[in-house]
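Here's the structure, in structure tokens; my notes come after.
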Amino acid sequence: MKFLIQLLLTIITSWLLQSFLPWWSAVIAAFIIGLLLSGNKGISSFFAGFSAIFLLWFGYALVIDINSQSILTEKIASILTVNNKYILIMITGVIGALPAGFGALTGNRLARLLKKEKNTEHYS
Amino acid sequence: MKIVRFIIPLLITSSLIYFLSNAISLGGTSAPPLGHFLNPFEGFWQNATNKNLSINSEITLKGLQNSVSIQYDSNLVPHITASNDKDLYMAQGYVIANLRLWQMEFQTHAAAGRISELIGDKGINFDRLQRRKGMVHGAKATLASFENDPYLVSLVDAYADGVNTYISSLSYRDLPLEYKLMDYEPEPWTPLKTALILQYMTDNLTGFDNDLENTNARNLFGGETFDLLFPDRPEGIEPTITTHPDSLWAFDPIVTTEINTEDIKKYTGKTFEKPDPSNGSNNWVVSGSKTKSGVPILSNDTHLGLNLPSLWIMMQLQSPTVNVYGYTFAGALGITIGHNDSTSWGFTNAPRDTRDWYNITFKDDTELEYLYDSAWRSTTLKIEEIKAKGSEPFYDTVIYTHHGPVVYDGSFLNDDHKNQYYALKWSGHNPSRVQNGLLLLNRANNYDEHIAAIEYWDSPPQNIVFSSTQGDIAMTVQGDFPVKWKGQGKFLMDGSNPSHEWGITIPKAQNARILNPEKGFIGSANQHSVDSLYPYYFYNASNEYYRNRRINDLLSSKQNITIQDMAQMQMDSYSLKAAEILPLLLDSLRGDKFTVEQIDYLERLKRWDYVYRAETKAPLIFNIWWMNLYSNIWDEFDVDTLAMARPSHYNTYLLMKDNPSLAFFDNASTANNETLTELINQSFDQTSEYLKKLISDDPEYNWGDDKATKILHLSRIKDLSILNIQIDGHRHAINSTKGQHGPSQRFVVEMTSPPTAYGIYPGGQSGNPGSYYYDNMVEKWRTGELLPLLFMQPNKNYDDQIMISQTLTPSEK
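Residue numbers (the working numbering), protein chains in the order written: chain A, 149 to 272; chain B, 703 to 1515.
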């Protein structure tokens, strides 16, 4: 459940950020949500961030591909020598997802780090 | 410990962000920054539009005086309506940038020798040559001439403002695909870039000469042989404008005296790359006496390199002073080829040697002074900084004499040119007022206004065809031509001798012109533009000998001509060259011992109607046979260390016919004394052997595959290009198609009121490879279909033909 919430919140936040910021705002979104929902385990946080941006980028690219009858997807697939539009759409998803996953993990680890420091402060 | 567990993913995340935000270079190729490029919110995905148009219906354009309406019809042709001319050209700049921004900037970068900035140091040699030829030097001269006309300056500035408003509205997401692929951004448009676009066309159309090759050939074979091989006027030519027997040229020409230059015995190694000499066109016009409707019909198709985005773009421009429709270049103001309410016009190249080389004698190695008229004159040095992507800038010093830049000086590709200093004198260095001429042509309402408009047509020289709703038809060989003595500039000249200088420019009123000839038609196709009775010396290294005669044959035989007849004629793939040469070849074949394949080839050739159809073999067989024979005949011209240009195909045919015992018909590399007949037979055997292998590998291999017409993206990326187009035609047929070259647009207009026009070009209105309109006209172009062109009239409603509308509004202040 927590996983799903993190996934959905990451999708929504990055969608909003990306409408006016460059691509790396997707990673920022994953980081922020990873930080806020630090109850998840690290590995689970990574996969929530990864899957969120994968689904978003893969899905959006697929929609654009279908709406444009693949007119450009095939040309770019050939220029980048992947030669298959589905592989290109898949790569698109992974290129966004990988840094986003690490971004979410970074957020998660930072939350833990901060919590630890807070605790230390409390007991001193 | 928790710190480490945080730092490790932080480092990985930031490295990934860094890595994916920057271009990667692997070996020779570089990939765009993948994070940006593949992001569906801003990367290439945003360029995938297909039939959808991403055009905002309202745009604010600073500097407009009133609102401007832009209506895109179903071919994505913009129809711009403005309430004054400044607004009109500002809107034209905006609209063209919207459709073709990357292309217009790329072409001006190429013209200015700045390609290395985009592709790195592999562009340096190209850029150096552009700089050495003085491309920017010429464009600046043209720009300076604008300054004499403040009204023109205000229009050119308005156009630049329109382009720049579009550029400044762009974020990464909206950039044309090519910027994302090559990872750079557009720079502001300037009036100099408009001049550079015109310079680019001037170079394309006047940048060819064979002076140094001619000098080598004359040195090797002697003057008499040279004249036999390269006659100024071979028999049987049909010049564009022939002198009327009743009225010789009614002016007193400037008199010249011939000077012998045979003592300049310089040999030159390989010359630098030149534009394709088959850059040319067809145009013709028929008077109402020959048409079904009783009004003139004008036709024009321009043969240039085939690229995507297309060189041409179509539009309609309306203001209180003008209503004009036609083709134009991205970067130039107004319409280049087209029609308005009452006149129409078109162009073919009217080549005449306006590009000459002067041998320069420097005083010493410093190259600071050169000999002229028995005294030393100072040179000026221009240091060219060529910036290259990913490497240090390259600096080149170009020496300028009063003739022009010393293009050949041993420092550039120097192996072949040690101690050779040739300065280039070129019409392209002079200011050209064609931008003004175009704006006036767009507004000409009759023949007199047309002639007044083309008074400004300086360079490149063109055969300007004309027709009007008043029923006039005309052709003018227009441009700045220097007065030359006989033979001047055909060979290398002496840069120290004042009598080798060009004369003054022939007054435009003395340029050749014809109005309403009795025969009822006029055509031109880059042949000799004047006959021997025209009082000024004419020379050109790349005359065309076939298309023009075919056009004349067809037009003189036709009556009741319709637009469809003209469209069909543009697709005529009959070759007079084959019709003249092939019977001579077949008659010379000896032998009773032909192979099975040879019998097949001969059968096909004998049955051939000389039409170059893509799906047949006869044109392929003839073409290879002829090219083999041609190389065998002129094997004396294969000199590795020297630049050589062989005689024309047409004159080769005349020599074969009239002079079969010419020494050149002997193969120099063999001890035997071959005759022409033997050469023809040898070439046929050679051809059969080659074809046998070719056809046994691929039985379906036909003329269309051999010609392999293609339309290349300007960046040469093949995935954005269209390769191997099966289209009929041949370089010397009216439908003049070859490798990456052919009719870059077709246009037919009937001079009804208002005129009725049709057109097509091998591309589409959009420069975006992700759009349906990138190449949607190519298939119709291939099959010869013409689209009806929508010529809007004021105060009429065309809603059913309009796909999308846009309003440009002035900003509040």
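No residue lacks a Cβ here, since even glycine has one placed at the ideal position from N, Cα and C.
On the criterion of 16 or more Cβ atoms from any shown chain inside 10 Å, does residue i qualify as buried, or is it exposed?
i       : result
A/M149  : exposed
B/S1438 : buried
B/I1323 : buried
A/S272  : Since pLDDT at A/S272 reaches only 40, below the 50 mark, its modelled position is unreliable, and the value read off the structure follows with that caveat. Answer is exposed; the Cβ neighbour count stays below 16.
A/H270  : The predicted model places A/H270 with a pLDDT of 48, which falls under 50 and marks its position as unreliable; any figure quoted below should be read in that light. Under this definition A/H270 is an exposed residue.
B/G1036 : buried
A/I227  : buried
A/T161  : buried
B/F721  : exposed
B/L907  : buried
B/N1426 : exposed
B/P1401 : exposed
B/R1309 : exposed
B/Q942  : In the sequence on display, residue 942 of chain B carries Thr and not Gln. B/T942 comes out buried.
B/I1101 : buried
B/V706  : exposed
B/P1053 : buried
B/Y1314 : buried
B/T867  : buried
B/Q1467 : buried
B/V1298 : exposed
Would residue i and residue j be called neighbours here (beta carbons separated by less than 8 Å)?
i       : j       : result
B/G1225 : B/W804  : no
B/N1518 : A/G207  : A question about residue 1518 of chain B goes unanswered here, because the residues of chain B that appear run from 703 up to 1515.
B/P1471 : A/L220  : yes
B/N1002 : B/P1162 : no
B/Y1236 : B/K1188 : no
B/A1243 : B/F923  : no
B/I999  : B/I1263 : yes
B/Y774  : B/I1506 : yes
B/Y1241 : B/K1192 : yes
B/P890  : B/L845  : no
B/L790  : B/S1044 : no
B/A1227 : B/N984  : yes
B/F1183 : B/W1047 : no
B/A1459 : B/F1449 : yes
So what does residue i bridge to, in DSSP terms?
i       : result
B/S1350 : Answer is none; B/S1350 lacks a bridge partner.
B/E1452 : B/I999, B/T1458
A/I252  : According to the sequence provided, residue 252 of chain A is Ala. The question's Ile does not apply to it. The partner list for A/A252 (beta bridge, DSSP) is empty, contrary to what the question assumes.
B/T650  : Coverage of chain B is limited to positions 703 through 1515, which leaves residue 650 of chain B absent and any answer about it impossible.
B/G1577 : Since the first and last residues shown for chain B are 703 and 1515, residue 1577 of chain B lies out of range.
B/V988  : B/I999, B/F1223
B/G1092 : None, per the DSSP bridge assignment.
B/W1128 : B/R1057
B/K1084 : B/V1100
B/H1443 : B/G1007, B/K1440
B/Q773  : B/H781, B/S1507
B/L1073 : B/W1078
With a cut-off of 8 Å on the beta carbons, I'd call residue i and residue j a contact; round off their distance for me.
i       : j       : result
B/M903  : B/F1031 : 7 Å
B/D1160 : B/S1134 : 4 Å
B/F746  : A/I224  : 6 Å
B/M1479 : B/P1490 : Contact doesn't hold; Cβ gap of about 13 Å is too wide.
A/L183  : A/L246  : Actually they do not touch by this definition, with Cβ atoms about 19 Å apart.
B/L1019 : B/P1512 : Going by Cβ atoms, the distance from B/L1019 to B/P1512 rounds to 19 Å, so no, they are not a contact pair.
B/V1232 : B/A1214 : 5 Å
Should residue i be counted as a contact of the ligand FMN given a C-beta to heavy atom distance under 7 Å?
i       : result
B/T1318 : The model depicted lacks the ligand FMN and carries no ligand whatsoever.
When the Cβ atoms of the segment 989-997 of chain B are set against those of the segment 751-761 of chain B, are three or more pairs found closer than 8 Å? Fewer than three pairs of CB atoms, one per stretch, sit closer than 8 Å, so the segment 989-997 of chain B makes no contact with the segment 751-761 of chain B.
Using 8 Å as the Cβ pair cut-off and three pairs as the minimum, do the segment 863-881 of chain B and the segment 1137-1150 of chain B touch? Cβ pair count under 8 Å is below three, so no.
Counting beta carbon pairs with one atom in the segment 1320-1340 of chain B and one in the segment 1382-1390 of chain B, are three or more of them shorter than 8 Å? yes
For the 8 Å Cβ check, are there 3 or more pairs between the segment 1306-1324 of chain B and the segment 1352-1364 of chain B? no
Is there contact between the segment 798-813 of chain B and the segment 888-902 of chain B, where contact requires at least three CB pairs shorter than 8 Å? yes
Quick check: the segment 1404-1411 of chain B against the segment 961-969 of chain B, are at least 3 beta-carbon pairs closer than 8 Å? no
Could you tell me whether the segment 1197-1213 of chain B touches the segment 1060-1079 of chain B, where touching means 3 or more Cβ pairs closer than 8 Å? yes
Touching or not, the segment 1208-1222 of chain B and the segment 971-979 of chain B, by the rule of three or more beta carbon pairs under 8 Å? no
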